[in-house]
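Below is one structure, written out as C-alpha cells; comments come after it.
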Amino acid sequence: MTHKTGHSMLHKMISIFVLWGLWGSFVRAEDGYRLWLRYEPITDSRCLEQYRKSVVQIVLPKSFQDGNVVRQELQSGLSGLLGIEPSAFTEDILHDGALVIASADTAGLISEVIKSSDLESCGPEGFLIRSTKIKGYSATVIAGKTRPGVIYGVFHFLRLMQTLQPIDALDIMEQPALQLRLMNHWDNLNGTIERGYAGRSLWQWNELPGTLSPRYTDYARACASIGINGSVINNVNADLRILSSEYLRKVAAIADLWRPFGVRMYLSVNFASPMRLGGLPTADPLNPDVMTWWKTKADEIYSLIPDFGGFLVKADSEGQPGPKTYGRTHAQGANLLADALAPHKGIVMWRAFVYDADVDPDRAKRAWLEFTRLDGQFRPNVVIQVKNGPIDFQPREPFHPLFGAMKQTPVIAEIQATQEYLGQARHLVYHGPMWKEFLDSDTYAKGQGSTVARVLAGKVHPFRMTGMVSVTNPGLDTNWCGHHFSQSNWYAFGRLAWNPELSAETIAEEWTRMTFTNDKKSAAVILAMMMGSHETFVNYTMPLGLHHLIGGDHYAPMPWNDRAPRADWTATYYHQASADGIGFDRTRRGTNAVDQYFPPVCDVFNDISTCPEKFLLWFHRCPWDYRMKSGRTLWEELCARYRQGAAQAAALQKTWQSLDGKIDSRRHQDVADRLAIQAADAEKWCEQILAYFGRYAETKD
Ligand code: GCW
Numbered sequence: 036m037t038h039k040t041g042h043s044m045l046h047k048m049i050s051i052f053v054l055w056g057l058w059g060s061f062v063r064a065e066d067g068y069r070l071w072l073r074y075e076p077i078t079d080s081r082c083l084e085q086y087r088k089s090v091v092q093i094v095l096p097k098s099f100q101d102g103n104v105v106r107q108e109l110q111s112g113l114s115g116l117l118g119i120e121p122s123a124f125t126e127d128i129l130h131d132g133a134l135v136i137a138s139a140d141t142a143g144l145i146s147e148v149i150k151s152s153d154l155e156s157c158g159p160e161g162f163l164i165r166s167t168k169i170k171g172y173s174a175t176v177i178a179g180k181t182r183p184g185v186i187y188g189v190f191h192f193l194r195l196m197q198t199l200q201p202i203d204a205l206d207i208m209e210q211p212a213l214q215l216r217l218m219n220h221w222d223n224l225n226g227t228i229e230r231g232y233a234g235r236s237l238w239q240w241n242e243l244p245g246t247l248s249p250r251y252t253d254y255a256r257a258c259a260s261i262g263i264n265g266s267v268i269n270n271v272n273a274d275l276r277i278l279s280s281e282y283l284r285k286v287a288a289i290a291d292l293w294r295p296f297g298v299r300m301y302l303s304v305n306f307a308s309p310m311r312l313g314g315l316p317t318a319d320p321l322n323p324d325v326m327t328w329w330k331t332k333a334d335e336i337y338s339l340i341p342d343f344g345g346f347l348v349k350a351d352s353e354g355q356p357g358p359k360t361y362g363r364t365h366a367q368g369a370n371l372l373a374d375a376l377a378p379h380k381g382i383v384m385w386r387a388f389v390y391d392a393d394v395d396p397d398r399a400k401r402a403w404l405e406f407t408r409l410d411g412q413f414r415p416n417v418v419i420q421v422k423n424g425p426i427d428f429q430p431r432e433p434f435h436p437l438f439g440a441m442k443q444t445p446v447i448a449e450i451q452a453t454q455e456y457l458g459q460a461r462h463l464v465y466h467g468p469m470w471k472e473f474l475d476s477d478t479y480a481k482g483q484g485s486t487v488a489r490v491l492a493g494k495v496h497p498f499r500m501t502g503m504v505s506v507t508n509p510g511l512d513t514n515w516c517g518h519h520f521s522q523s524n525w526y527a528f529g530r531l532a533w534n535p536e537l538s539a540e541t542i543a544e545e546w547t548r549m550t551f552t553n554d555k556k557s558a559a560v561i562l563a564m565m566m567g568s569h570e571t572f573v574n575y576t577m578p579l580g581l582h583h584l585i586g587g588d589h590y591a592p593m594p595w596n597d598r599a600p601r602a603d604w605t606a607t608y609y610h611q612a613s614a615d616g617i618g619f620d621r622t623r624r625g626t627n628a629v630d631q632y633f634p635p636v637c638d639v640f641n642d643i644s645t646c647p648e649k650f651l652l653w654f655h656r657c658p659w660d661y662r663m664k665s666g667r668t669l670w671e672e673l674c675a676r677y678r679q680g681a682a683q684a685a686a687l688q689k690t691w692q693s694l695d696g697k698i699d700s701r702r703h704q705d706v707a708d709r710l711a712i713q714a715a716d717a718e719k720w721c722e723q724i725l726a727y728f729g730r731y732a733e734t735k736d
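In this note's numbering, the protein residues as written are 36 to 736.
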C-alpha cells in the first residue's frame, strides 16, 4: 500500500516535471538572449540519471558563497539542467555525489586527493576536473589555482552536461593556449557601431556610471563561459573623449562589473590625444611633454581601474593620427604608450593594419614591409596585432605574411566575428572552418609545423605575450548578434582562443547542442549547414582567390567599382579583369608579394601549378581559358562555382525548413527569414558577377 502510494506519487511528480519541461520549451518564446547558456532541463533520461548521481550536493568554500559568480552560475546551471535546489549547497562533504569547488586558497578539503603541485600547474587561468573519492564519498572536484580558473572549470563542467557528455569518470586538466583572448568592439561613443549589424552599442554612455544595464554583467558572463578574458570596448577609430576623466569614470563602472568574471577592460586610444584632449601643441612621441601627458593619463586610469589591461592603437592608418606625422616610426609611437603603461603592467596592442600607398603599389605587401624592419625595436610590453590576412577580412585570404616573420616582437592575431564582408549577420556563415584554415596554415618560419596557431602560442618564436582577438559582433539586439547563427562566431572565437587545436566541428556541435537542440538528428542537420556555410559563401561571392568585389557597403556585389577615394578601395584594382584574363599577379613576375612568405610557401604560391586553386586569382593573373584541375577553363570554373554557391544557399533554406517543429518556432522563423534574404542575395551575386565578368570572358569566343 505504502509502496503503491509512493510509486504513484513518484509517477505524478515525474509527469509534472516532464510537462513542466515541455511547457517550458514550447511556450517560452526563445528570443536568443540566453545565447548558449540556456540551461534547459535535460530530458535524456540516461544522462539525467548519471548527472543526478554525480551531483547530489555542491560543496563550496565560504568565500565562494554569497553573490559569487561561481555560486550563481552553479545555481542557475544545476537548477536549470538537473532541477537541483539551493539547499544542495554545503560547506562540507556529507554523502556520495559531491561536487567540490576549490581554488589554491581554499584547498583544504581536496588536499588528500589533489596535490598542490597539480593546482600550481594549472597556471594562472587553468583548471582541473577530477572524479575521485574524498572521505570515502564519491566526488567530483573542480579546482583551479585562481578564481578565473575555477570559473572556467565550472563553465566547462556545465558544458559537459549541456552537451550530454559523461561526467562520472573525469580527469581533465586544461589551460588556455593563448594569454590575451579579447573582444574588440568597434563601438562609437554616440551609440553606433562601425561594421555592427546587431543594433546599437551595448554601452549606454548617457546613463553611465549611475545606471548599470544588466547586459554588462550578462555580457561578461557569456565571455567568461568561453574563456574570453578581456574586452576593448571602443572603436579603433578612437574618439578622443574616451580618455577624458568623465568617460573614464563610466568605463571604470563597467570594469567593476566585469572583474568577478575575469574580464579585463582595455581601451582604443587616439594617438593625437595629448593635443586634442590635452591641449599640447604636438603628439610627437619623443617630446617630453607628450611623454608626461601619457604617463599622467595612465596613472589616472589605474587609479580608477587597478587591473586595466592596456591600449589598442590604430595609428597612421585610414586617416588616423600616428607617429609618422612627426617622422617617427611605429616602434617609437608604440613605445611612448608602452612606457606610460609599464609601471602598471599594462600593454600596448599596436595594429599592423597599415597600407600607406607610398610603401608599395601592392596593398598586400605594405604592412610586412613596414613592420619587419622594426622587429626588435619594440618595448617588452608591446604586441603587434595583425589581421588574419594581408588585405582586410575578405571571405578568404591566405594568412598574413607577418605571422612568423616577427621574431622578437610578439604578434597576436585579429580575426573578425562581425561579418563585415561575410554577409553582415544577414547570411548564415559559421567562421569556424575559415579560422581553422588560418590557424592551421603552415608559415614554415622555422621549418615544417610552424603553423599560425603555434606562432601565436609562442612555440615558434618564444613570445613574451600571446593572444588572439576578435572584432566582435554583439549589439543591443535581443539575440545579441543579429542572426541567431552569428552567435556561433562569438562562441567559436572564444573556444579557439582558448584552444586553437579544437576542430571547427567540435565547436559547432557544442554550440548547436547548447543553443538549439540536443536532438541528435536535428543537431546533425544544423552541424552540416554550419560546416558548409563558409565555402558556400565563398562560392557565391569571391571564389578562386577573388577578393574585394564590393563597394563601400562591403555587402553587395560591385565588381565594376572603379572609383573611390583611393585605388585600393575599388574592386577593379584587385580583380583586374580584361579581355586577356583576370587576377592580381603577386608572383615574382608581378608584385612579388609571394616572397614575403618563407620557403617553400613562397614557391608554392608563386608556381601556378602548385598554388592552391582557392588562392589562384589572389596570386596569379590567368587567361580566361586557363585549364583548371577539374578540366574546365577558368571561366567555366568560375561560372560553376558561382552557380554552385547560389544553389547551396537555396539549399540551406530548404534544409532549415526540414527542422520546422524541431526548433522553437520564433527562432526558426527568424532564421528562415534571413535565409530567404541570403538565397536571394546569393542569386544576385551569381547573376551580377557572371554578367560583369562575362563581358570580358566571352569577348574572345
Ligand atoms: O575593415 C576595415 C573597415 C573599417 C575599419 C578598418 C580597420 C575600424 O572597413 O571600417 O575601421 O578596417 O580595421 O581599422
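Just so it is clear, CB atoms sit at the ideal spot from N, CA and C, and this is done for glycine as well.
Integer-rounded CB distance, given that residue j should sit under 8 Å from residue i
i       : j       : result
Arg-235 : Gly-510 : 6 Å
Gly-508 : Trp-525 : According to the sequence shown, residue 508 is Asn rather than Gly. Correct: roughly 6 Å between the Cβ atoms.
Thr-622 : His-655 : 6 Å
Leu-491 : Leu-213 : 6 Å
Lys-649 : Arg-431 : 6 Å
Ile-149 : Val-176 : 6 Å
Phe-438 : Val-487 : 5 Å
Pro-320 : Gly-362 : Contact doesn't hold; Cβ gap of about 10 Å is too wide.
beta-carbon residue i near the ligand GCW non-hydrogen atom, thresh 7 Å
i       : result
Ser-352 : yes
Phe-306 : no
Asn-225 : no
Lys-349 : yes
Trp-385 : no
His-435 : no
Asp-131 : no
Val-271 : yes
Glu-229 : yes
His-582 : no
Glu-455 : yes
His-589 : yes
Trp-221 : yes
Asp-427 : yes
Phe-388 : yes
Secondary structure of residue i, DSSP reduced to three states
i       : result
Gly-179 : strand
Phe-124 : strand
Lys-664 : coil
Arg-730 : helix
Leu-215 : strand
Pro-737 : Because the chain is modelled from 36 through 736, residue 737 falls outside the range shown and cannot be assessed.
Ala-798 : There is simply no residue 798 to check, as the chain begins at 36 and stops at 736 in what is shown.
Ile-169 : strand
His-496 : coil
Phe-162 : strand
Glu-209 : strand
Ser-151 : helix
Val-504 : strand
Val-383 : strand
Thr-746 : Limits of the chain in this structure are 36 at one end and 736 at the other, which puts residue 746 out of reach.
Cys-657 : strand
Ile-119 : coil
Ile-643 : coil
Distance cut-off 7 Å: residue i Cβ against heavy atoms of the ligand FAD
i       : result
Pro-425 : By its list of ligands, the structure shown excludes the ligand FAD, since it contains just the ligand GCW.
Subject >> Secondary structure, alpha helix (DSSP H): runs of 4+ residues fully inside the region 71 to 108 >> reply: 80 to 89
Original post:
Which parts of the region 330 to 376 are runs of the alpha helix (DSSP H), unbroken and 4 residues or longer, counting only runs that do not cross its ends?
Top reply: 365 to 376
Original post:
Of all the beta strand (DSSP E) runs that stay within the bounds of the region 259 to 310, which reach a length of 3 or more residues?
Top reply: 265 to 267 and 299 to 304
Subject >> Whole runs of the alpha helix (DSSP H) within the region 529 to 562, excluding any shorter than 4 residues >> reply: 539 to 550
Original post:
Which parts of the region 396 to 474 are runs of the alpha helix (DSSP H), unbroken and 4 residues or longer, counting only runs that do not cross its ends?
Top reply: 398 to 407
**OP:** At 4 residues or longer, and completely inside the region 562 to 619: list those alpha helix (DSSP H) runs for me, N to C.
**Re:** 607 to 610
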